[in-house]
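For the sequence shown, my numbering assigns the number 23 to the initial residue and increments by one for each residue that follows.
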Amino acid sequence: AQSFAELEGLDPAEVLHPDDRARAKRRIADFLAGRPIPQPAVYRFFRKNGEMFYGEVWHARIERRNKPAMLFITLDVSEREARRRLDQALAEVLARAADPSEPLAPLLEACARALEQERPHWRVGVMLLEGRRLRHAAAGSLPAFYTAAIDGIEIGPEIGTCGRAAHFGRRMITEDIERDPYWAPARELARQAGLRACFSEPIRAASGEILGVLSCYAERPGQPSALDLELMRQTASVAASVITHKRAQQRIAGHEQMLSAIFATIPDAVLVYTPEAIRAANPAAAHAFGAPSPEELAGRAPLEFVHPDDRERARQRIARVWLGEDEAETETLRFLRGDEVWEGEVNCTTLTFDGERHMLAVIRDVSERERLQRQLAQAMKLEAVGRLAGGVAHDFNNMLAGMMGNLFLLRRRLGKQPELLVRIGAIERQAQRAADLVQQLLTFARKRKLDKRPVRLDDLVRDTLKLQRVILPENVRLEVDVPEQPLWVVGDATMLQQVLINLLTNARDAVADRPDARIAVRLRSEAEAVCARCHKHGACARHGVILEVADNGPGIPEAHLSKIFEPFFTTKEVGKGTGLGLAMVHGTVQEHGGEVWVESRAGEGARFFVCLPLMPARDDESAPDAGQAPEGEGETILLAEDEESVRTSLKEALQEIGYAVDAVEDGRKAWERFRAQPERYALAVLDVVMPEMGGVEAMRRMRELRPDLPVIFHTGYGESAQAVAEYEGSERTRCLRKPVRIEDLAAAIAEMLDRPTG
Numbered sequence: 023a024q025s026f027a028e029l030e031g032l033d034p035a036e037v038l039h040p041d042d043r044a045r046a047k048r049r050i051a052d053f054l055a056g057r058p059i060p061q062p063a064v065y066r067f068f069r070k071n072g073e074m075f076y077g078e079v080w081h082a083r084i085e086r087r088n089k090p091a092m093l094f095i096t097l098d099v100s101e102r103e104a105r106r107r108l109d110q111a112l113a114e115v116l117a118r119a120a121d122p123s124e125p126l127a128p129l130l131e132a133c134a135r136a137l138e139q140e141r142p143h144w145r146v147g148v149m150l151l152e153g154r155r156l157r158h159a160a161a162g163s164l165p166a167f168y169t170a171a172i173d174g175i176e177i178g179p180e181i182g183t184c185g186r187a188a189h190f191g192r193r194m195i196t197e198d199i200e201r202d203p204y205w206a207p208a209r210e211l212a213r214q215a216g217l218r219a220c221f222s223e224p225i226r227a228a229s230g231e232i233l234g235v236l237s238c239y240a241e242r243p244g245q246p247s248a249l250d251l252e253l254m255r256q257t258a259s260v261a262a263s264v265i266t267h268k269r270a271q272q273r274i275a276g277h278e279q280m281l282s283a284i285f286a287t288i289p290d291a292v293l294v295y296t297p298e299a300i301r302a303a304n305p306a307a308a309h310a311f312g313a314p315s316p317e318e319l320a321g322r323a324p325l326e327f328v329h330p331d332d333r334e335r336a337r338q339r340i341a342r343v344w345l346g347e348d349e350a351e352t353e354t355l356r357f358l359r360g361d362e363v364w365e366g367e368v369n370c371t372t373l374t375f376d377g378e379r380h381m382l383a384v385i386r387d388v389s390e391r392e393r394l395q396r397q398l399a400q401a402m403k404l405e406a407v408g409r410l411a412g413g414v415a416h417d418f419n420n421m422l423a424g425m426m427g428n429l430f431l432l433r434r435r436l437g438k439q440p441e442l443l444v445r446i447g448a449i450e451r452q453a454q455r456a457a458d459l460v461q462q463l464l465t466f467a468r469k470r471k472l473d474k475r476p477v478r479l480d481d482l483v484r485d486t487l488k489l490q491r492v493i494l495p496e497n498v499r500l501e502v503d504v505p506e507q508p509l510w511v512v513g514d515a516t517m518l519q520q521v522l523i524n525l526l527t528n529a530r531d532a533v534a535d536r537p538d539a540r541i542a543v544r545l546r547s548e549a550e551a552v553c554a555r556c557h558k559h560g561a562c563a564r565h566g567v568i569l570e571v572a573d574n575g576p577g578i579p580e581a582h583l584s585k586i587f588e589p590f591f592t593t594k595e596v597g598k599g600t601g602l603g604l605a606m607v608h609g610t611v612q613e614h615g616g617e618v619w620v621e622s623r624a625g626e627g628a629r630f631f632v633c634l635p636l637m638p639a640r641d642d643e644s645a646p647d648a649g650q651a652p653e654g655e656g657e658t659i660l661l662a663e664d665e666e667s668v669r670t671s672l673k674e675a676l677q678e679i680g681y682a683v684d685a686v687e688d689g690r691k692a693w694e695r696f697r698a699q700p701e702r703y704a705l706a707v708l709d710v711v712m713p714e715m716g717g718v719e720a721m722r723r724m725r726e727l728r729p730d731l732p733v734i735f736h737t738g739y740g741e742s743a744q745a746v747a748e749y750e751g752s753e754r755t756r757c758l759r760k761p762v763r764i765e766d767l768a769a770a771i772a773e774m775l776d777r778p779t780g
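Given below as C-alpha cells:
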C-alpha cells in the first residue's frame, strides 16, 4: 500500500497468509481476553502486488476515535527469516552428513532445495568438478532435459557462467542470458527451460580446492541482491563441508586406512611395543614423551619414559599383560617428558603386529584432572574453614558489640577522669582491631560486602607492617619507604590490608631459602608520567597511588607470569599454598578500580605493583573524627535484638544520650509492641536474624501501619546482610553492620529524625 488510507478499513485477514490466519485470530482473542501472550509473533503477509513477506508483529491495546482498538506494529523480517530458515535447513543437512551411510547426492539435493525454498523464483543445481568437466550432482527444480544436456560440460574462460566460475574460482553473474556472448551455444536450451539469468558460486574446500559450483538460475533477467549473494555463499559453504566430509568418510572406509587414521589422530598416546622395545607410536605419544616425531621413539625401552619411582610397578604390569593377565585393569603411572613429570592413565592389551605378538598401550594424560581434583579437595577444605570462620565471626561480633557499647557508657560517665579515658581509649582501639579481624574472617568466609569509605593508605600500610613484622623470619630485612604525606583512597580498609598481607606472605615464601633475604615495601603517589605506565597495564588515566612489594627471591619464570593471578595457580609444594592469595589480590584491586601487575625474571626476584585511584586532597588531612554522639530529645526507640548483652548495652547507651528505649528480644514482640501503639515510636532499631520473626518481616508489618517509620537494621553477616541489601540506600532505611559504634548509631538516628548530627 502507498498510504494509510489504502489500508484503513481493510480486513487484516486479507493480507495474512491463509495458513497463519487461525493462529493470528487465537492470539488476538487471547490478548483481548487479557491472557498473557508472548511478543512478538512472526506471520506471513501479502503485499498489494501479491508478493509474500514475513512480518514481526508487536501489538498493544489503544483507543481510537473514543473506541477500543488494537495497535499493530509490523516489521519486515523477511531477510532475517530467510537466513534463519536456511540456517536451519542447512544445519539438518550437516547433521545428516555425519552419518556414514548417507549418500552424497541426496545431501546436495537438500542444499539446492533449501535455497530454492527461500528463493522461489530460482532453480538451483549443484555440479561437481571432475578433472576439467562439471557433472550434475543435484538438479533442484531444473528440467531434466536441461541438466542432461549440460552434464559433463568442460570448464574454461569463455564457457557459460558455471564453466567460467569453476575455471576462475570466483563468483560469476550473468544478468541476461539472451545478451551474454558466453551463452551463445546454450542460449536456445536456456530459453526452452525458461531461464533468463544465471549466478554461479564456486564450491571451495577449506584448502582452496574448487570442488564444483552452485548454479542459481532466475526466470527473469536482473542482478542478485546482497541477500541473494549471502544465501548463495552460505549454501555453497555448506555444500563444500558436506562434499569434503563425505569424501573423507570414503577415504577411511577401508579397514587399514581407518586404523591408520585413528592411530595418527587419537589425542591419547598410543604405543605398540614388546617388553624390550617400542615398535610404533602415534604423534600424541611423541608429544607426551618429548620426542620430535613418532619415529624417534621406535627402538627405545618403554620403561625409559616411566618415572623411576613407578618403574617397578610398570615392569610388573607389563609382565602380567604379556602373560594375558590384567588386560582390563586401568592404572595410573607417572611419566617423564624431559624434566617435566605428568600423570597418565594406562590401558594395555596384546595384539598381533606385523605377524608378531606385541602389546598395545593407550595412555591418557590425566595431570589436569588430578590437579583439579586436588584443587577441589583444597577448595572444600577452605569452604569448611570459611563456614567455621563465619560462625566464629558471628559470635565475636556480638561480644564486641556489647563490649563497645559498655566502653561508650564508661567514657561518657568518666568524662572528668582523663587518665581513665586514656585507658578506655586503648581498650576501644583494641576492640576496633578485633572488629577488623572479624571483618577479615568474614571476608575469608565470603560473608561480607565491600565497605568502601575514605582510607588513609599510608597509615594503613604502616599499621599493617607493624602487625605483620612478626610473621617475617629474623633474617629477612624489611625495607619500608612510606611518605609522611597523607595518601587517601576510597576502599575497604580490611580488604586493602589483606592485599598487603597476601603480598607480604608471598614475598616471605619467595625468600625463605636466602641468607640475604630482603623485602621492600614502597608507597608513593604518581603523577602523569607514571600514569602512562599504568596505561600499559590497563589502569586509569587519573593520578594514582602505587604500592610496591619487592623481594630478592628466585623470581618467576616467564611461562608462569600470565597465570600468576589465576585461582589455584601455585608453584609451591603440595600442602604449602592454596593458590588463592594472588587471585584474591587481583580480584580485590579490580573491585577498587585499580590494577595489579608483576615484573620479574627468573633469578632476579619479583616486584608486585598495586595502583589505586588517588582521592583528591582533603581539607582535613587527618582521619575523620567520629566526634560526639548526637543527643536525643526524649524520643522513644523500639529496639529488637536477640543477644541479651548486645540488647542491654545498646539500650543503656541510647538512654544515656537522651532516648527512651523499648527493648525486646525478637521481631514478633517488636511487632506486637508497635501494633499496640504505632505512633509511640519515633524509630525502630532491628536485628535482622532473630527467633520467632526476623527484622525484615517485622519492618514490613510495621510499615503496613506506618509507611514513614524510620528503620535502622544492624546486621551480622552473610544471610542477614543479603536479606537487607535491597533496602540499603533507601530514604527511610539504614543498615549498620555489627559491631556498631554508638557514635555511628547515634548519628544515623539523628539523621533519620532530621536533626543535626554534630
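Glycine included, each C-beta is placed from N, C-alpha and C at the ideal position.
Chain-order list of residues whose beta-carbon lies under 7 Å from that of residue i (same chain, five-residue window excluded)
{"i": "R49", "result": "I59 and A63"}
{"i": "D332", "result": "L355 and R356"}
{"i": "A768", "result": "A651, P652 and I679"}
{"i": "E124", "result": "R118"}
Outcome for residue i when other beta-carbon atoms lying within 10 angstroms are tallied against a minimum of 16
{"i": "S622", "result": "buried"}
{"i": "F167", "result": "exposed"}
{"i": "K760", "result": "buried"}
{"i": "V571", "result": "buried"}
{"i": "Q24", "result": "Note that Q24 scores a pLDDT of 45, beneath 50, so its modelled location is shaky and nothing firm can be said."}
{"i": "G689", "result": "buried"}
{"i": "V115", "result": "buried"}
{"i": "M381", "result": "buried"}
{"i": "A581", "result": "exposed"}
{"i": "T287", "result": "exposed"}
{"i": "R697", "result": "exposed"}
DSSP three-state assignment for residue i, whether helix, strand or coil
{"i": "R379", "result": "strand"}
{"i": "K488", "result": "helix"}
{"i": "N574", "result": "coil"}
{"i": "K89", "result": "strand"}
{"i": "Y168", "result": "helix"}
{"i": "M712", "result": "coil"}
{"i": "M774", "result": "helix"}
{"i": "A648", "result": "Because A648 sits at a pLDDT of 41, beneath the cut-off of 50, its placement in the model cannot be relied upon, and the following sentence gives the value as read from the coordinates. A648 falls in the coil class under three-state DSSP."}
{"i": "E73", "result": "coil"}
{"i": "V483", "result": "helix"}
{"i": "E517", "result": "Looking at the sequence shown, residue 517 is not Glu but Met. If DSSP states are grouped into helix, strand and coil, M517 belongs with the helices."}
{"i": "T296", "result": "coil"}
{"i": "N304", "result": "coil"}
{"i": "F94", "result": "strand"}
{"i": "S222", "result": "strand"}
{"i": "H329", "result": "coil"}
{"i": "I288", "result": "coil"}
{"i": "N369", "result": "strand"}
{"i": "V567", "result": "strand"}
Cβ-based neighbour list, residue i, same chain, cut-off 8 Å, excluding 5 preceding and 5 following
{"i": "F53", "result": "I59, H81, R83 and M92"}
{"i": "L775", "result": "E657, A704, L705 and P732"}
{"i": "K673", "result": "L661, V683 and A685"}
{"i": "D480", "result": "V504, P505, E506, Q507, P508, L509 and L545"}
Cut-off 6 Å between Cβ atoms - residues of its own chain near residue i, not counting five sequence neighbours on either side
{"i": "F221", "result": "I195, C238 and P246"}
{"i": "V483", "result": "V504 and L545"}
{"i": "R669", "result": "E663 and A685"}
{"i": "E548", "result": "G566 and I568"}
{"i": "V294", "result": "R301, A302, F375, H380 and L382"}
Proximity test, residue i beta-carbon vs the ligand SAM heavy atom, cut-off 8 Å
{"i": "R192", "result": "Although the ligand SAM was asked about, the structure shown includes no ligands whatsoever."}
Any 3 or more C-beta pairs closer than 8 Å across the region 158–167 and the region 130–150: By the Cβ criterion, the region 158–167 is in contact with the region 130–150, since at least three pairs of Cβ atoms, one from each stretch, lie closer than 8 Å.
Go through the region 136–164 residue by residue and report every complete run of the beta strand (DSSP E) that reaches 3 residues or more, in order. 144–152 and 155–160
For the 8 Å Cβ check, are there 3 or more pairs between the region 34–47 and the region 107–114? no
Ranges of the alpha helix (DSSP H) found wholly within the region 603–672, counting only runs of at least 4: 603–613
Residue ranges of each alpha helix (DSSP H) run of no fewer than 4 residues wholly in the region 181–253, ordered along the chain? 184–190 and 209–215
Stretch-stretch touch, CB-based, cutoff 8 Å, three pairs: the region 213–220 with the region 249–261: no
Please confirm if the region 309–316 is in contact with the region 337–345, defined as three or more CB-CB distances below 8 Å between the two stretches. no
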